[in-house]
Amino acid sequence: ALNEGVVTLRSQFHCSNGRLIYAGRVLRDHHPYGMLTVEKIITKSSNIGAAKVGMRLGAPRLHQYIRDFGFGGRSGIQLPGEVGGIVHPIKKWTKLSISRVPMGHEVAGTPLQVVMMMSAIANGGRLMKPRVVDSLEDERGRLVIKYPVKIVRQVISPSVAQQVTRALKTVVAPGGTARRAELDYYTVAGKTGTAQKAGRGGYLPGKYYASFVGFLPADKPQLCILVSVDEPQGDYYGGLVAAPVFKSIAERTASFMGIAPDREPDGLAASGRRNSGRR
451 ALNEGVVTLR SQFHCSNGRL IYAGRVLRDH HPYGMLTVEK IITKSSNIGA
501 AKVGMRLGAP RLHQYIRDFG FGGRSGIQLP GEVGGIVHPI KKWTKLSISR
551 VPMGHEVAGT PLQVVMMMSA IANGGRLMKP RVVDSLEDER GRLVIKYPVK
601 IVRQVISPSV AQQVTRALKT VVAPGGTARR AELDYYTVAG KTGTAQKAGR
651 GGYLPGKYYA SFVGFLPADK PQLCILVSVD EPQGDYYGGL VAAPVFKSIA
701 ERTASFMGIA PDREPDGLAA SGRRNSGRR
């Protein structure tokens, strides 16, 4: 919707105080929100806000962007057994679909597809072909072959990718749904996911799929991580279950990779200023 110019991050939508009736069915939020900007819809993970943005974009363009981001088709990664997930052709959408697809219903993506989508945001709107191996070296460490980087397509403009990144950073900030994914030394951009699992005849009571996907450092990304938890016990929101695991993995991996920090912990920075003052 940002890429098509039908909204800005400051555009406002009324989120129906947590209960929207559309096509005879009720769509709920986890909290009763009133007026939210597009940025806050992402921050708060409002289902109703996402639905209303999707309605403004329109079904044809929404469907096209879902496909352009790589959902509904195999990536061609050099591993066996890849599936394409589920994206129904628009001719099979119902009257209800435009209110449900924007917040994740009726679509099934693989973990690889989710990482590719988030990495496209990190890569300035470019969807990249995934690689298992970057290069091969001989026993003396000499380069034998370097596998090329391949751009599949430019899905959104670089400027819009920056706007989405700005919104995704608020998800990990105070007031966002993934405060537990915040890192001490790196700025994170990411998104929570909380899905009730579907079965034959409807959704399975008490069965959820919780996730968090994010990249860091947010403005100069080098690492994208997806954490997904199948049928968590007790808490089932992505921000409570998957975000802390993301934090643990991200801290260790960033250290192992030698990624330069882009922020200081508030307490450490303040402590440093006090120490320098005493000196």
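Here my numbering is used: the first residue of the sequence shown is 451, the next is one more, and so on.
Virtual Cβ for every residue (Gly too), placed ideally from N, Cα, C.
Looking only at its own chain, which residues have a Cβ that is under 8 Å from the Cβ of G717, when we skip the five neighbours before and after it? Any answer about G717 is weak, because its pLDDT of 48 lies below 50 and its placement is not dependable; what the coordinates show is given next. The beta carbon of G717 sits closer than 8 Å to none of the beta carbons in its chain outside the five residues before and after it.
Classify F665 as helix, strand or coil using the three-state DSSP reduction. strand
Measure the CB-CB distance between L507 and S496 and report whether it falls below 8 Å. Contact: no.
Could you tell me which whole beta strand (DSSP E) segments of length 3 or greater appear in the region 577-637? You should have 585-587, 593-596, 601-604.
Can you give me the C-alpha to C-alpha distance between S609 and T458, rounded to a whole angstrom? 12 Å
Exposed or buried, L707, counting other C-beta atoms within 10 Å across all chains shown (16 or more means buried)? Going by the sequence as given, residue 707 is Met instead of Leu. It counts as exposed.
Are the CB atoms of A668 and K619 within a distance shorter than 8 Å? yes
Got a sec: does the ligand COA put a non-hydrogen atom nearer than 7 Å to the Cβ of S496? Ligands in the displayed structure: none, and consequently the ligand COA is not present.
Is it the case that the Cβ atoms of R630 and G689 are separated by a distance below 8 Å? yes
Taking the alpha-carbon positions, what's the E454 to K697 distance? Near 33 Å, if we compare the C-alpha coordinates of K697 and E454.
Hey, how far is the Cα of G522 from the Cα of S461? 30 Å
Count the other CB atoms within 10 Å of the CB of A710; is the residue buried (16 or more) or exposed (fewer)? exposed
Report all residues from its chain with a CB closer than 6 Å to the CB of K596; omit the five preceding and five following residues, and keep chain order. S585
Closer than 6 Å by C-beta to E489: which residues in its own chain qualify, once you throw out the five before and the five after it? Chain order, please. L459, A617
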